[in-house]
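Shown next, in structure tokens, is the structure this report addresses.
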Amino acid sequence: MKKLVALMLALTLALSVGGVLASETFEIAMVTDIGTIDDKSFNQGTWEGIEEYAEANDKTYHYFQPTAQSTEIYLDMIEQAVNAGAKIIVTPGFLFEEPIFIAQDMYPDVSFVLLDGVPHNADYSEFRTEKNAVGILYAEEQSGFLAGYAAVKEGYTKFGFMGGMAVPAVIRFGYGYVQGIEHAAKELGLKDLQINYHYTGGFAATPEAQSLAASWYADGVEVIFACGGAVGNSVMAAAEAAGGKVIGVDVDQSPESETVITSATKGLAPSVVQTLTKFYAGEFPGGETLVLDASNDGVSLPMATSKFETFTQEDYDAIFAKLVANEVELLKDTDAASVVEIPLTTATVTEIK
Numbered sequence: 004m005k006k007l008v009a010l011m012l013a014l015t016l017a018l019s020v021g022g023v024l025a026s027e028t029f030e031i032a033m034v035t036d037i038g039t040i041d042d043k044s045f046n047q048g049t050w051e052g053i054e055e056y057a058e059a060n061d062k063t064y065h066y067f068q069p070t071a072q073s074t075e076i077y078l079d080m081i082e083q084a085v086n087a088g089a090k091i092i093v094t095p096g097f098l099f100e101e102p103i104f105i106a107q108d109m110y111p112d113v114s115f116v117l118l119d120g121v122p123h124n125a126d127y128s129e130f131r132t133e134k135n136a137v138g139i140l141y142a143e144e145q146s147g148f149l150a151g152y153a154a155v156k157e158g159y160t161k162f163g164f165m166g167g168m169a170v171p172a173v174i175r176f177g178y179g180y181v182q183g184i185e186h187a188a189k190e191l192g193l194k195d196l197q198i199n200y201h202y203t204g205g206f207a208a209t210p211e212a213q214s215l216a217a218s219w220y221a222d223g224v225e226v227i228f229a230c231g232g233a234v235g236n237s238v239m240a241a242a243e244a245a246g247g248k249v250i251g252v253d254v255d256q257s258p259e260s261e262t263v264i265t266s267a268t269k270g271l272a273p274s275v276v277q278t279l280t281k282f283y284a285g286e287f288p289g290g291e292t293l294v295l296d297a298s299n300d301g302v303s304l305p306m307a308t309s310k311f312e313t314f315t316q317e318d319y320d321a322i323f324a325k326l327v328a329n330e331v332e333l334l335k336d337t338d339a340a341s342v343v344e345i346p347l348t349t350a351t352v353t354e355i356k
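Just add 3 to wherever you are in the sequence shown, counting from 1, and you've got the numbering used here.
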């Protein structure tokens with residue numbers, strides 16, 4: 004019995020949270036946001052980039068998944084990754100802005116990649132990115148623009164935007180979506196398009212979000228841009244019941260539901276691969292905030308899986324080239340206080356409170 008107890012104690016001491024043996028080491032680590040690495044969204048896109056680079060370059064890698072959401076818990080996961088030998092840690096989402104602001108000072112010999120955010124302190128009074136950290140932002144307004152533009156070209160005239168929390172990235176997606184609708188409508192000479200616009204205040208699938216989406220479809224809305232993590236699951240459920248259509252977000256969400264006609268995606272995996280490549284080449288862009296857009300694989304629509312019948316690859320290539328060439332000027336979150344301040348001549352936006 005004493006030997007059995009001793010063995011169990013030894014095993015307990017050998018294991019850390021997440022089932023990682025104390026003797027195991029990993030060069031590349033990811034700390035997930037709340038959720039799993041197969042969430043069909045930000046965690047998954049980030050993890051796929053790490054996997055792609057690590058497998059191609061024979062690097063060890065691992066992810067650490069917190070059980071709750073707070074700066075303290077995220078820092079604990081970062082500490083576990085550092086203790087497991089991580090040389091570079093990738094974190095997805097704006098909720099890591101404060102943890103990385105702190106961690107970059109705590110672990111000066113470790114490099115940090117913050118996707119969709121820039122490091123700052125708790126009250127936003129100080130923004131600072133040290134040489135061992137990089138913030139990567141995306142031109143969500145361009146991705147949203149492509150989705151709205153394509154939807155009009157496909158023949159839709161009644162739209163919805165259901166965002167999660169009104170954080171900068173979500174706002175930019177929505178603003179771009181509205182401007183894409185406007186741009187395509189002008190090209191086609193269309194008037195009187197309708198857009199319902201709403202933030203749920205969170206990123207969870209809820210009966211309330213599904214009920215609101217169902218009411219929109221019942222009122223004639225044809226396609227809803229579901230821009231809020233699991234909020235999309237609520238919208239998809241409503242669309243499946245009503246015969247409506249959905250635009251996904253962040254990653255290609257077409258496998259999630261037949262109702263998804265396209266997705267406004269960010270180049271999550273490519274940006275991770277690019278940054279890891281620079282890190283191991285001794286060219287880590289520490290101290291910088293990068294903004295990835297159409298010119299560098301930052302945004303796109305997944306045309307290979309999109310369910311378009313009218314909007315063609317040629318149409319997509321033409322409008323995408325205009326974004327790359329900066330021939331389309333878009334307002335974003337820093338340019339307007341509300342979506343209704345975006346000047347529209349072809350569409351009416353109704354903000355649903």
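Even for Gly, the Cβ is constructed at its ideal location relative to N, Cα and C.
Please read all numbers here as calculations on a predicted model, not as lab measurements.
Given a threshold of 16 other Cβ atoms within 10 Å of its Cβ, counted over all protein chains shown, does residue i qualify as buried or as exposed?
i, result
"Q72", "exposed"
"P95", "buried"
"A307", "exposed"
"G192", "exposed"
"N236", "buried"
"Q182", "buried"
"V352", "buried"
"I198", "buried"
"P69", "buried"
"I322", "buried"
"S114", "buried"
"G158", "exposed"
"S3", "Nothing in the structure corresponds to residue 3, since the chain is present only between 4 and 356."
"P346", "exposed"
"E354", "exposed"
"F99", "buried"
"Q213", "buried"
I need the straight-line Cα distance from residue i to residue j, nearest angstrom please.
i, j, result
"T337", "T28", "42 Å"
"G179", "T278", "26 Å"
"I264", "E330", "26 Å"
"D61", "I31", "11 Å"
"S266", "G48", "13 Å"
"I76", "L118", "18 Å"
"H201", "F164", "6 Å"
"V342", "Y64", "41 Å"
"G38", "G231", "14 Å"
"G52", "S260", "24 Å"
"G285", "P122", "22 Å"
"A89", "I81", "9 Å"
"L7", "D36", "Low confidence applies to L7: its pLDDT is 39, below 50, so where it sits in the model is not reliable, and the reading given next is rough at best. In a straight line, the C-alpha of L7 is about 38 Å away from that of D36."
"I105", "S309", "41 Å"
Just to confirm my understanding: we take residue i, look at its own chain, exclude 5 residues before and 5 after, and list those with CB closer than 7 Å. What are they?
i, result
"P300", "Reading off the sequence, residue 300 comes out as Asp, not Pro. Hits under 7 Å: G270 and P273."
"K281", "F287 and P288"
"A217", "A241, A244 and A245"
"K156", "A187, T313, F314 and D318"
"T292", "V121, T132, G138 and L140"
"A233", "F206, A207 and A208"
"Y110", "V85"
Using C-beta distances below 6 Å, list every residue in its chain close to residue i, excluding the 5 sequence neighbours before and after it, in chain order.
i, result
"L149", "L304"
"E144", "R175, Y178, G179, L333 and K335"
"A229", "M165, G235, V238 and V249"
"K194", "T349"
"G147", "F176, G179, Y180 and A267"
"T262", "M239, A242, E243, K248 and V249"
If you follow the alpha helix (DSSP H) that residue i is part of, which residue opens it and which one closes it?
i, result
"D320", "Q316 to V327"
"F282", "L271 to Y283"
"K189", "P171 to L191"
"E354", "Not the alpha helix (DSSP H): E354 falls in the beta strand (DSSP E), residues A350 to E354."
"F3", "Given a span of 4 to 356 for the chain in the structure shown, any question on residue 3 remains unanswerable."
Since residue i is in the beta strand (DSSP E), which residue starts that stretch and which ends it?
i, result
"G251", "K248 to D253"
"A32", "I31 to V34"
"V294", "T292 to L295"
"F67", "Y64 to F67"
Who are the near neighbours of residue i in its chain, counting only those whose CB is closer than 8 Å to its CB and skipping five residues on each side?
i, result
"Y56", "I31, K62, V275, V276, L279 and T280"
"I184", "G151, Y152, A154, V155, F162, L196, I198, T349 and A350"
Counting only C-beta atoms, is residue i closer than 7 Å to chain B at any point?
i, result
"K248", "No chain B is present in this structure, which holds just one protein chain."
Please go through the stretch 73–145 and give each complete beta strand (DSSP E) segment of 3 or more residues, from N-terminal end onward.
-> 91–95, 114–118 and 136–141
What runs of the beta strand (DSSP E), each 3 residues or longer, lie entirely inside the stretch 143–169?
-> 161–166
Unbroken beta strand (DSSP E) runs of length 3 or more, entirely within the stretch 198–254: which are they?
-> 226–230 and 248–253
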